[in-house]
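Engineer: Here our numbering is used: the first residue of the sequence shown is 9, the next is one more, and so on. Structure provided below as structure tokens; questions to follow.
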Amino acid sequence: MLIDTHCHVQMRQFNADRESVIASAFSSGIGRLIVPGTDVPTSESALELAQQHPGRIFAGVGTHPHDAETLTPEALSAERALAQRPGVVAIGEIGLDYYRNLSPQDVQREALVAQLALARDLDLPVILHNRESHTDMISLLRAHGDGVRGVFHCFIGDRAMAKDALDLGFYLSFAGPLTYPRNEELRDVSAWAPADRILVETDSPYLAPQSLRGKRNEPQHVAHVARTLAETRGVTDDVIAAMTTRNAIALFRLPELTPETGV
Ligand code: NI
């Protein structure tokens, strides 16, 4: 069993076939999905999916750095209320993106700090988006992230960046880019990272793995990421499945697996 720890199946790209995409994931051995929001409406729709698939789909509530300007005080209190509902396991996705800069950087930083505080208050892990913003991310986590746990989602970086995240107690989640030919350095990081700090994800509908590049990504393709991780670490697919599932259950405090169904 694998857990796709980051997929946006609530988004419009899945409007035509959402339930069949979810059913294919479950029937192909993806036992659970974590669906992060990127603003209040998509956090609400993630929670709806969690309510429709209890024990199988879990939601994140958060405002993405691209949408940081939408995080008004009202939106933040809406997040606080949503995040206390059953089925919500994280504050996310939140973070910084200095590559696209769709919201001003100071607004992104403010939104991140506010949501780190929310995560601490509610004792929930954070799902972090971090693009071309590593220095500020690490310094904000050092200054404002005390007692906050979480994951660097779709980790792309070198060993030094990974070490910064690991030293703060964070997990690293690998996605489709792990499978791209040019990303030798990332595969090196994935081979070296501690076994108890690694997760896998798709970031569906984005970041399809190498053999499906250009197509819409979906949760069942997390198996490609897990396969590459097995190759880089020189272990079996079963070892990767057990390791990453255990880690996801620990970080997001998911219910334990049921012995009958294994999910
Ligand atoms: Ni995402």
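Note that beta-carbon positions come from the ideal geometry of N, C-alpha and C, so glycine has one too.
Can you pull the DSSP bridge partners for aspartate 105?
Structural biologist: For the purposes of this step, residue 105 is taken as the residue at position 97 of the sequence shown. Its beta-bridge partners are Arg139.
Engineer: Please state whether DSSP places isoleucine 164 in a helix, a strand or coil.
Structural biologist: Stepping through the sequence shown from its first residue, residue 164 is reached at position 156. Coil at isoleucine 164, not helix or strand.
Engineer: Report the option in Gly158, Leu149, Val197 and Arg157 whose CA atom is closest to the CA atom of isoleucine 7.
Structural biologist: Because the chain is modelled from 9 through 271, residue 7 falls outside the range shown and cannot be assessed.
Engineer: Taking 9 Å as the threshold (C-beta atoms), are leucine 79 and glutamine 113 in contact?
Structural biologist: On the sequence shown, residue 113 is found 105 positions in, with the first residue counted as 1. On the sequence shown, residue 79 is found 71 positions in, with the first residue counted as 1. Contact flag unset, no.
Engineer: When DSSP builds the beta bridges, which residues end up paired with valine 159?
Structural biologist: Position 151 of the sequence shown holds residue 159. According to DSSP, valine 159 bridges with Ile135 and Tyr179.
Engineer: Go through its chain and collect everything with a Cβ distance to asparagine 138's Cβ below 7 Å, but skip five positions before and after it.
Structural biologist: By one-based count along the sequence shown, residue 138 stands at place 130. Counting only Cβ-Cβ distances below 7 Å, and skipping sequence neighbours, we find Gly103, Leu104, Met145 and Phe160.
Engineer: Thinking valine 156 and valine 134 are a contact (beta carbons under 8 Å), I'd like their distance in whole angstroms, please.
Structural biologist: Indexing the sequence shown from 1 puts residue 156 at position 148. Indexing the sequence shown from 1 puts residue 134 at position 126. Valine 156 to valine 134, Cβ: 6 Å. Contact.
Engineer: So, are the CB atoms of valine 43 and glycine 68 less than 9 Å apart?
Structural biologist: Taking the first residue of the sequence shown as position 1, residue 43 is located at position 35. Taking the first residue of the sequence shown as position 1, residue 68 is located at position 60. Yes, the pair counts as a contact, with Cβ atoms nearer than the cut-off.
Engineer: Tell me the DSSP secondary structure of serine 111 in three-state form.
Structural biologist: The count along the sequence shown starts at 1 and reaches residue 111 at position 103. Three-state result, serine 111: coil.
Engineer: Given 8 Å as the limit, tell me if glutamate 101 has its C-beta closer than that to any heavy atom belonging to ligand 1.
Structural biologist: Counting from 1 along the sequence shown, the entry for residue 101 is found at position 93. True, at least one ligand heavy atom lies under 8 Å from that Cβ.
Engineer: Going by other Cβ atoms of all chains shown within 10 Å of its Cβ, with 16 needed for buried, is glutamine 60 buried or exposed?
Structural biologist: Residue mapping note: residue 60 aligns to position 52 of the sequence shown, counting from 1. Result: exposed.
Engineer: Could you name the residues that DSSP lists as bridge partners for alanine 1?
Structural biologist: The first residue shown for the chain is 9 and the last is 271, placing residue 1 beyond what the model contains.
Engineer: Give a single yes or no on whether aspartate 292 has its beta carbon closer than 8 Å to a heavy atom of ligand 1.
Structural biologist: Nothing about residue 292 can be reported from this structure: the residues present for the chain run from 9 to 271 only.
Engineer: Less than 7 Å between C-beta atoms, sequence neighbours within five positions excluded: which residues of the same chain meet that for proline 217?
Structural biologist: As a position in the sequence shown, residue 217 is number 209, starting the count at 1. Gly184, Thr187, His229, His232 and Val233, listed in sequence order.
Engineer: In the DSSP assignment, find the unbroken alpha helix (DSSP H) run with aspartate 196 in it and report its ends.
Structural biologist: By one-based count along the sequence shown, residue 196 stands at place 188. Residues 192 to 200.
Engineer: Apart from the five residues on each side of it in sequence, which residues of its chain come closer than 6 Å, Cβ to Cβ, to leucine 149?
Structural biologist: The count along the sequence shown starts at 1 and reaches residue 149 at position 141. Hits under 6 Å: Leu176.
Engineer: May I ask you to check if the CB of aspartate 47 is nearer than 8 Å to at least one heavy atom of ligand 1?
Structural biologist: For this step, residue 47 is matched to residue 39 along the sequence shown. It does not: the Cβ of aspartate 47 is nowhere closer than 8 Å to a heavy atom of ligand 1.
Engineer: Would you say the beta carbon of histidine 152 comes nearer than 8 Å to a heavy atom of ligand 1?
Structural biologist: For this step, residue 152 is matched to residue 144 along the sequence shown. Every heavy atom of ligand 1 is 8 Å or more from the Cβ of histidine 152, so no.
Engineer: Could you round the C-beta distance between phenylalanine 34 and arginine 64 to whole angstroms and report it? I think they count as a contact, below 8 Å.
Structural biologist: Along the sequence shown, read from residue 1 onward, the residue named residue 34 stands at position 26. Along the sequence shown, read from residue 1 onward, the residue named residue 64 stands at position 56. That pair is a contact at about 7 Å.
Engineer: Report, in whole angstroms, the separation of the C-beta atoms of alanine 54 and glycine 45, which I expect to be a contact under 8 Å.
Structural biologist: Taking the sequence shown and counting its residues from 1, the one referred to as residue 54 is at position 46. Taking the sequence shown and counting its residues from 1, the one referred to as residue 45 is at position 37. Their Cβ separation, rounded to whole angstroms, is 5 Å, which keeps alanine 54 and glycine 45 in contact under 8 Å.
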